[in-house]
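Asker:
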Amino acid sequence: MGGSKEVGLASRKHQCLTCNKAFSSNSHLRRHEVSHSRNQINQCKFCNRGFLRFDALRRHSRTCSQRGNNNPLPASKPGRKPRACDLCRLKKAQCDGGDPCERCSSGQFRCHRSYADANTREPQPGIENPSGSINGRETASQHIPVSFLLNYTDPTLELLVEVFSNQVSDDEAIAEQPQSSSFAEVPSEYIFDNDTPGLFSSLFSDFFMDQNIEFEDTGEMTTLATPVPALQSQVDDIIAHLVVQFRSDPDDYSVLGSEFPVALARAVFTAEKLADYGEAYFKYFHPHFSFIHRPTFDIQSVSSPLLLAITLNGSINIAKDGALSARPFFSLGEAYIFSELGTLSADKEHRSEYSLQVIQAALVTLALQTSSNDEVVRRRIRVNRLPELVASMRSLGFIGSEHSKSHALETWDQFIIKEMSIRTVTAVFFFDCMNTVLFNSPALMTINEMTGDLPCPNNLFAAPTSNEFTHLANELNRSNPSVLKLKSWITMALQDSWPVSEDSLFDSIEPQHLMIYIFALHSIIYNARSGLLVPTLYEVLTRALRRWREAWDIVTKRHGIDQSFPRGFMVNSPELWWLAQKVLDLAKCGDSQSRYMQGIATDSLEDLHRFIQLYGTRKA
Numbered sequence: 039m040g041g042s043k044e045v046g047l048a049s050r051k052h053q054c055l056t057c058n059k060a061f062s063s064n065s066h067l068r069r070h071e072v073s074h075s076r077n078q079i080n081q082c083k084f085c086n087r088g089f090l091r092f093d094a095l096r097r098h099s100r101t102c103s104q105r106g107n108n109n110p111l112p113a114s115k116p117g118r119k120p121r122a123c124d125l126c127r128l129k130k131a132q133c134d135g136g137d138p139c140e141r142c143s144s145g146q147f148r149c150h151r152s153y154a155d156a157n158t159r160e161p162q163p164g165i166e167n168p169s170g171s172i173n174g175r176e177t178a179s180q181h182i183p184v185s186f187l188l189n190y191t192d193p194t195l196e197l198l199v200e201v202f203s204n205q206v207s208d209d210e211a212i213a214e215q216p217q218s219s220s221f222a223e224v225p226s227e228y229i230f231d232n233d234t235p236g237l238f239s240s241l242f243s244d245f246f247m248d249q250n251i252e253f254e255d256t257g258e259m260t261t262l263a264t265p266v267p268a269l270q271s272q273v274d275d276i277i278a279h280l281v282v283q284f285r286s287d288p289d290d291y292s293v294l295g296s297e298f299p300v301a302l303a304r305a306v307f308t309a310e311k312l313a314d315y316g317e318a319y320f321k322y323f324h325p326h327f328s329f330i331h332r333p334t335f336d337i338q339s340v341s342s343p344l345l346l347a348i349t350l351n352g353s354i355n356i357a358k359d360g361a362l363s364a365r366p367f368f369s370l371g372e373a374y375i376f377s378e379l380g381t382l383s384a385d386k387e388h389r390s391e392y393s394l395q396v397i398q399a400a401l402v403t404l405a406l407q408t409s410s411n412d413e414v415v416r417r418r419i420r421v422n423r424l425p426e427l428v429a430s431m432r433s434l435g436f437i438g439s440e441h442s443k444s445h446a447l448e449t450w451d452q453f454i455i456k457e458m459s460i461r462t463v464t465a466v467f468f469f470d471c472m473n474t475v476l477f478n479s480p481a482l483m484t485i486n487e488m489t490g491d492l493p494c495p496n497n498l499f500a501a502p503t504s505n506e507f508t509h510l511a512n513e514l515n516r517s518n519p520s521v522l523k524l525k526s527w528i529t530m531a532l533q534d535s536w537p538v539s540e541d542s543l544f545d546s547i548e549p550q551h552l553m554i555y556i557f558a559l560h561s562i563i564y565n566a567r568s569g570l571l572v573p574t575l576y577e578v579l580t581r582a583l584r585r586w587r588e589a590w591d592i593v594t595k596r597h598g599i600d601q602s603f604p605r606g607f608m609v610n611s612p613e614l615w616w617l618a619q620k621v622l623d624l625a626k627c628g629d630s631q632s633r634y635m636q637g638i639a640t641d642s643l644e645d646l647h648r649f650i651q652l653y654g655t656r657k658a
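So for the sequence shown, the numbering used here puts the first residue at 39; every next one is plus one.
#1: May I have the straight-line CA-CA distance separating residue 138 from residue 584, to the nearest angstrom?
#2: Report the three-state DSSP secondary structure of residue 53 (helix, strand or coil).
#3: In terms of residues, what are the limits of the alpha helix (DSSP H) holding residue 638?
#4: Decide if the region 431-440 is in contact with the region 455-467; the criterion is three or more beta carbon pairs, one per stretch, under 8 Å apart.
#5: Going by Cα to Cα distance, which pick from 122, 564, 293 is closest to residue 363?
#6: Return the bridge partner residues of residue 88 from the DSSP annotation.
#7: Roughly how many angstroms lie between the CA atoms of residue 218 and residue 302, to the nearest whole one?
#8: Excluding the 5 residues flanking residue 248 on each side, which residues of the same chain have their C-beta closer than 7 Å to its C-beta?
#9: According to the neighbour-count rule (16 or more other Cβ atoms, all chains shown, within 10 Å of its Cβ), is residue 561 buried or exposed?
#10: Output the boundary residues of the alpha helix (DSSP H) element that contains residue 276.
#11: If you follow the alpha helix (DSSP H) that residue 569 is part of, which residue opens it and which one closes it?
#12: Name the DSSP bridge partner or partners of residue 60?
#13: Exposed or buried, residue 57, counting other C-beta atoms within 10 Å across all chains shown (16 or more means buried)?
#14: Exposed or buried, which one is residue 285 when buried takes at least 16 other CB atoms within 10 Å?
#15: Can you tell which of 463, 514, 607 has the C-alpha that lies nearest to the C-alpha of residue 489?
#16: Identify whether residue 503 lies in helix, strand or coil by the three-state DSSP scheme.
#17: Taking the alpha-carbon of residue 630 as reference, which of 643, 640, 649, 644 has the nearest alpha-carbon?
#18: Going by DSSP in three states, residue 391 sits in which element: helix, strand or coil?
#19: Answer with buried or exposed for residue 316, where buried requires no fewer than 16 other C-beta atoms within 10 angstroms of its C-beta.
#20: Under the three-state reduction of DSSP, which class applies to residue 489: helix, strand or coil?
#21: If distances are taken between C-alpha atoms only, which option among 287, 306, 305 comes closest to residue 297?
#22: Out of 345, 449, 535, point me to the one whose CA is closest to residue 506's CA.
#23: Is the distance from the Cβ of residue 345 to the Cβ of residue 337 below 9 Å?
#24: State yes or no: is the C-beta of residue 110 within less than 9 Å of the C-beta of residue 103?
#25: Is it buried or exposed for residue 528, if we count other Cβ within 10 angstroms and need 16 for buried?
#26: Which runs of the alpha helix (DSSP H) spanning at least 4 residues fall entirely within the region 301-362, listed in chain order?
#27: Taking residue 193 as the reference, which of 52, 647, 304 has the closest Cα?
#28: Would the beta-carbon of residue 369 fall within 9 Å of that of residue 415?
#29: Alpha carbon to alpha carbon, how far is residue 582 from residue 280?
#30: Is residue 151 buried or exposed, if buried means 16 or more other CB atoms sit within 10 Å of its CB?
#31: Which residues bound the alpha helix (DSSP H) around residue 380?
#32: Which whole-angstrom value describes the C-beta separation of residue 586 and residue 625, a residue pair presumed to lie in contact below a C-beta threshold of 8 Å?
#33: Using only the alpha-carbon positions, how far apart do residue 674 and residue 380 sit?
#34: If you run the structure through DSSP and keep just helix, strand and coil, what is residue 611?
#35: With distances taken Cα to Cα, identify the nearest neighbour of residue 472 among 512, 87, 187, 397.
Shown next, in the form of structure tokens:
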């Protein structure tokens, strides 16, 4: 009798409130409750018949008389489904699942669930993949989605970093994780996650990333982790420069108040915090943006502009209230660094170590400021700062930097300076091409002037000692030729002959180099469009794109592309190839349904996003 009573009590714990029917488990109850819904949300796309449950719809799709030769619906992806909003997922914070959730409501943030949009988006934009065909006319059934470009250009996202948080797998993105007590609420203009490279990954990570290297905290940063009294002079120097810059035009920095906030500056820029923020820079940003030589970096002797840029950049990865206080100084720091760059350019201080550090500071600042999805800031970077940076690199003689014919002929110190110059110039060129692709902004750097080397393998650049560098350089010289320079590769891709039979041509090329090549082809196509030369150059450019695709297939087969590669433009380079070919085809036939095809410069991603929405669902 007692046992029956217990069973009855257990059953009533899972009782339907609508019909009072009892069930043995909560999952049975939930499935039953769906049957009381009047909304038949699952509809057969073949016969329009409605079903309350998706599994019933899937079973029906196998035998539907209207299905014809179409495939039945696939099974749902197993595992627990995410319920957290994008912002909580990005922060890895607990989300109550509301719409809007409590966290977004209290912080007055926009509560958005882009993964829910992705689940209902039909059809999925994609491109047909040529199956090993050189001419690209033979297509296979394999379908490559252009979801990366579609998500990256989504103008409804307040933060570009949401693109990368949304690419995390469902298992990784479950938001029912304990919230870190040290996490402080961040203004919506700047939200970063320590485990998500975010926008920086999209901009620069790919062409400095080697799949054989794991970037970990190896304890090499003793110069940063232990502040010394000598660092205080660096602090005083930075604050003094910021005061001078503020007084030059206080109205431009009204966010700081009518007077320079000395107390706030003293609280933000301390020896301890400079060391902490510098460490954060090298831990979170440097692995994806490695043009500073970490083994020889000395925080006590580095120039003030570069130290300031590293400090501000590193502060966004520190989840403390003190780090948030650094953000009002972002624009002021930007102005000081570019003012220093302008002074160097006027004095024509040719390729000194200090001038290289100022250029690096400008590039770090440019990446930092672009992380804000603010069109005013973006316009300032595109129209003013990037042209200043490119002009300065030209006048100071950095464009065209190259190594000796053999790395073994260079001393370690000579190699470091040259390789940092090469990587910095490459990063600026890449950013310039990105502006052309994303915003229809005319390119500032030309292919013709890119006569310098491309970045060497990361393990050679990261060699911690002179002896290890010498050992790696000797091995590299024996095993691989130098990477084909950008100008040389583009010239070869555009000419009539194509040495596809020479496997040695691809021995030294890696996927990140091919990403640079496809962005360079985008720059050429833009110039052809704006100069009304597409009818004349169409066959040449189409052939160059086919050759790029062939090279991509060969190189990626050799190196492999898998989940170990960072998410970003490199892994998704075939989408850039599709975009280039589609733009070229439309320019030839004069199709201008999309505003993006008008080639008008903008500071919004909306034009490109609508272009991909319009043409990404169509077969070429």
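Every residue gets a Cβ at the ideal spot worked out from N, C-alpha and C, and that includes glycine.
Note that the structure is predicted; figures quoted are calculated from it, not measured.
Answerer: Straight from the coordinates:
#1: Approximately 47 Å between the Cα atoms of the pair.
#2: Three-state result, residue 53: strand.
#3: First-last for residue 638: undefined, no H or E at that position.
#4: Touching, yes, given that three or more Cβ pairs across the two stretches are closer than 8 Å.
#5: For residue 363, the nearest C-alpha among the options comes from 293.
#6: Residue 88 pairs with 81.
#7: Confidence at residue 218 is low in this model, with a pLDDT of 30, below 50, so its placement is unreliable and the value that follows should be read with caution. Cα to Cα, residue 218 sits roughly 26 Å from residue 302.
#8: Because the pLDDT at residue 248 is just 41, under 50, the model does not fix this residue reliably, and the point stays unresolved.
#9: Residue 561 sits buried, since 16 or more C-beta atoms from the chains shown fall within 10 Å of its C-beta.
#10: Residue 276 -> alpha helix (DSSP H) spans 269-286.
#11: Element bounds for residue 569: n/a, residue is neither H nor E.
#12: DSSP output for residue 60 lists 53 as bridge partner(s).
#13: The residue in question, residue 57, is exposed, as its Cβ has fewer than 16 Cβ neighbours within 10 Å.
#14: Around the Cβ of residue 285, a 10 Å sphere holds fewer than 16 other Cβ atoms; the residue is exposed.
#15: Ranking the options by Cα distance to residue 489, first place goes to 463.
#16: Note: residue 503 maps to coil in three-state DSSP.
#17: Considering only alpha carbons, the answer is 649.
#18: Residue 391: helix per DSSP, three-state reduction.
#19: When all chains shown are included, residue 316 counts as buried.
#20: Correct three-state label for residue 489: coil.
#21: Per the C-alpha coordinates, the member of 287, 306, 305 positioned closest to residue 297 is 287.
#22: Of the candidates 345, 449, 535, the residue whose Cα lies closest to the Cα of residue 506 is 449.
#23: Contact: yes.
#24: The answer is no: Cβ separation not under 9 Å.
#25: By the neighbour-count rule (16 or more Cβ atoms within 10 Å), residue 528 is buried.
#26: Entirely contained in the region 301-362, the alpha helix (DSSP H) runs reaching 4 residues are, in chain order, 309-318, 342-353, 359-362.
#27: If we check each option's Cα against that of residue 193, 647 comes out closest.
#28: A distance below 9 Å separates the beta carbons of residue 369 and residue 415.
#29: Approximately 49 Å, taken between the alpha carbons.
#30: When all chains shown are included, residue 151 counts as buried.
#31: 368-385 is the span of the alpha helix (DSSP H), which, as asked, contains residue 380.
#32: Their Cβ separation, rounded to whole angstroms, is 18 Å, which puts residue 586 and residue 625 out of contact at 8 Å.
#33: The first residue shown for the chain is 39 and the last is 658, placing residue 674 beyond what the model contains.
#34: It is helical.
#35: Of the candidates 512, 87, 187, 397, the one whose C-alpha sits nearest the C-alpha of residue 472 is 187.
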